[in-house]
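Residue numbers (the working numbering): 737 to 957.
Using N, Cα and C, we set each Cβ at its ideal position, and we do this for glycine too.
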Ligand code: ADP
């Protein structure tokens, strides 16, 4: 089943004559359960693309559909709710809430939404990510790799349509990066979870099921 499609996406910044085309007629289609890496050098348009796919910003032209919802048809408030409920984000800096413990961080987006966490599913995620013994720890007592595992658990907890990861191993050493990428790969398979990850690192990208290369705002293969 197709879970995400971007059609003829263009994003430009600035005004004539100083227009930057950050994305230029990009179309991609992603099936449920795929683990896709978007690779490209700095400035190639990766973050811009991820922001459009996650509804964090709107394209100048073109459309994004996630789980049959056309993001361009949603009003700003509807888009905010859609993002919270259907999209999981993982960032380079983990973005955990410092005053909440590990478990509280994991269930926070679900509780913000006024929903009750699916305890059985959350326990499965916690055990897969090896966080059982850390649930009452505060984020600042964890290593970078452990903090990123918490961020992964948080992104998966609400069973989002897609998880978007922005350089998830950018702050980790290579051994920990390997472990984190492996966990993303395994969770994608085990839970049929669609994951789209951006990276500038070809070795990291190779670990994904599919690689999409972007150059100067265009798909290059
Ligand atoms: P990447 O994530 O691959 O490093 P970006 O998507 O951040 O690339 O940027 C693509 C291009 O768009 C770059 O030329 C960048 O300078 C430009 N750009 C990105 N965001 C903005 C913005 N808010 N205003 C103006 N130009 C921007």
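Between ligand 1 and the CB of residue 780, the shortest heavy atom gap is smaller than 7 Å. The Cβ atoms of residue 801 and residue 740 sit closer than 8 Å to each other. Non-local beta-carbon contacts of residue 836 in its own chain, meaning distances under 7 Å to residues more than five positions away in sequence, involve 844 in chain order. In the structure shown, residue 802 falls within a strand segment according to DSSP collapsed to helix, strand and coil. Residue state for residue 888 is assigned as helix, using DSSP reduced to three classes. Under the three-state reduction of DSSP, residue 741 is assigned to strand. Short of 8 Å from the beta carbon of residue 851, and not among the five residues preceding or following it, lie these beta carbons of its own chain, in chain order: 894. In this structure residue 847 is exposed. Its beta-carbon is surrounded by fewer than 16 other beta-carbon atoms within 10 angstroms. Counting along the chain, no beta strand (DSSP E) covers residue 877, and no H or E run does either. Residue pairing by DSSP places residue 933 opposite 773, 901 in a beta bridge.
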